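In this note's numbering, the protein residues as written are 811 to 1253. Here is the structure we will look at.
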């Protein structure tokens, strides 16, 4: 009876695990035999029919990110027992996780290691300062790194690991999926074009830090609207007086304001959700954001000039690329009207540092800066003396939870992939153009 009741409860519960309400198929493990059985047909949400699909090991060179059977984010953490199996080493996909040996505990939570072991034969590859470590603890050369990959089907790297070069991908034909957990996601540590050429899927879970970045961006908006930098300095000097002429009194609320975003990637979209309860009007400048996605998020796409000139709060979330470096210079800063709050949680060089200081010296705008150019700010720099500035030392994305989240998201991606489902955080031509600062027509 207990078994029957559990079966009925499970049957009722499973539909909520998928956006479509369709029940999941193929809940055995991620092993090769079960994957073969499931690989012949799949349900297409585009056509509403069961269709044949190519094997995930296909090297046709077609876009590897186009799958069509999505699962919710963190699906593996909801009821992980469903996907658990006694995975034998000769049956399960071989997965390698490589990175700085000293940071293993920082990134790899025990529960996520156990979850990965439930569907894959995985091992940790100790590295340091961009080199594989041998059994003697000494750095090894590129050839040793390539040979270490062996017959692995997946590699996930984090800072400290060597790059995934074109030669490595070329010489390891068993690879099906590669990914990066964390680091400077614009460092191009994976040869993405070679991976696509060989039919290898590429994923990137560096967006795990978008949660704290969005939260800190919201925090800087709020404290800047209240001119917290001014009040903190006055309070420490023993002055507790309040003024009705201060911007904190005149424009101190976020509710109902106009917020302009410069860049709307993962952090920007999370910030949008955090801003919803404040009933704000949101406009966005992002040449890589498609109009379809902007409409789905109820965002108004506009020009950089309008974001700067028609917002009560401007938040810079754009990546630093050759295209965005110095993007906000003296002319752009002149567009910002008095009383506006300017927040930067991205990279300092996007805003001309000297021009920003000169604009702030007028005292008619307020800045909340997690980054500045130069970064770190030298001791005694004049930006630290301005009362209308609130500063933090580039901490927006730095939390213990975000480091663990990088690996949690990567295990989610691997679990989706090896069970035949769509991965979420794929590198695509659009995202690659964004990273390199190239033009890409967003439609």
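Glycine included, every Cβ here is placed at the ideal spot set by N, Cα and C. These figures come from a predicted structure and were not determined experimentally.
Three-state secondary structure (DSSP) of residue i
| i | result |
| --- | --- |
| residue 1091 | strand |
| residue 1052 | coil |
| residue 1004 | helix |
| residue 1012 | strand |
| residue 1242 | helix |
| residue 1111 | strand |
| residue 1216 | helix |
| residue 1060 | helix |
| residue 1036 | coil |
| residue 1175 | coil |
| residue 1201 | strand |
| residue 1080 | helix |
| residue 751 | Residue 751 lies beyond the residue range present for the chain, which begins at 811 and ends at 1253; the question has no answer from this structure. |
| residue 979 | helix |
| residue 1264 | Here the chain has residues from 811 to 1253 only, and residue 1264 is not among them. |
| residue 956 | helix |
| residue 1161 | strand |
| residue 1133 | coil |
| residue 1047 | coil |
| residue 903 | coil |
| residue 1030 | helix |
| residue 920 | helix |
Beta carbon of residue i nearer than 8 Å to that of residue j
| i | j | result |
| --- | --- | --- |
| residue 1012 | residue 988 | yes |
| residue 1072 | residue 1128 | yes |
| residue 1124 | residue 1190 | no |
| residue 1151 | residue 1174 | no |
| residue 907 | residue 929 | no |
| residue 1149 | residue 1061 | yes |
| residue 931 | residue 904 | yes |
| residue 1153 | residue 1030 | yes |
| residue 1027 | residue 1155 | yes |
| residue 1018 | residue 1219 | yes |
| residue 909 | residue 954 | no |
| residue 936 | residue 911 | yes |
| residue 1110 | residue 1092 | yes |
| residue 986 | residue 963 | yes |
Residue i beta carbon near the ligand MN (any heavy atom closer than 7 Å)
| i | result |
| --- | --- |
| residue 930 | The ligand MN is not among the ligands present in this structure, which contains no ligands whatsoever. |
Neighbourhood of residue i by C-beta, 6 Å cutoff - its chain only, sequence neighbours within 5 removed
| i | result |
| --- | --- |
| residue 1221 | 922, 925 and 926 |
| residue 1022 | 1207, 1209 and 1212 |
| residue 1074 | 1094, 1096 and 1099 |
| residue 975 | 1001 |
| residue 956 | 978 and 981 |
| residue 959 | 982 |
| residue 1134 | 1128 and 1160 |
| residue 1214 | 919 |
| residue 1119 | 1145 |
| residue 1090 | 1067 and 1069 |
| residue 1048 | none |
| residue 1179 | 1154 and 1201 |
| residue 1004 | 976 and 979 |
Bridge-paired residues (DSSP) for residue i
| i | result |
| --- | --- |
| residue 943 | 949 |
| residue 1230 | Residue 1230 pairs with nothing; no bridge assigned. |
| residue 908 | 935 and 967 |
| residue 974 | 1000 |
| residue 1236 | 1013 |
| residue 1124 | 1070 and 1152 |
| residue 989 | 966 and 1013 |
Close beta carbons around residue i, own chain, < 8 Å, minus the five adjacent residues each side
| i | result |
| --- | --- |
| residue 1113 | 1095 |
| residue 1170 | 1177, 1193, 1196, 1198 and 1199 |
| residue 1244 | 1075, 1098, 1129, 1131 and 1250 |
| residue 917 | 909, 968, 991, 992, 1213, 1214, 1216 and 1217 |
Chain-order list of residues whose beta-carbon lies under 7 Å from that of residue i (same chain, five-residue window excluded)
| i | result |
| --- | --- |
| residue 961 | 904 and 984 |
| residue 1024 | 1077, 1080, 1081 and 1084 |
| residue 1182 | 1158, 1163 and 1193 |
| residue 754 | This structure cannot settle anything about residue 754, because the visible part of the chain is limited to 811 through 1253. |
| residue 1103 | none |
| residue 1185 | 1158 and 1204 |
| residue 1014 | 989, 990, 995, 1235 and 1237 |
| residue 1057 | 1037, 1149 and 1176 |
_Touching by the beta-carbon criterion (3+ pairs, under 8 Å), the region 1041-1048 and the region 1131-1139_ = no
*Please determine if the region 930-945 and the region 1232-1249 are in contact, where contact requires at least 3 C-beta pairs separated by less than 8 Å.*
no
*Evaluate contact between the region 961-977 and the region 1196-1204, counting only Cβ atoms and requiring at least three cross-stretch pairs below 8 Å.*
no
*Touch test, the region 1079-1094 against the region 1158-1168, Cβ-Cβ under 8 Å, three pairs minimum*: no
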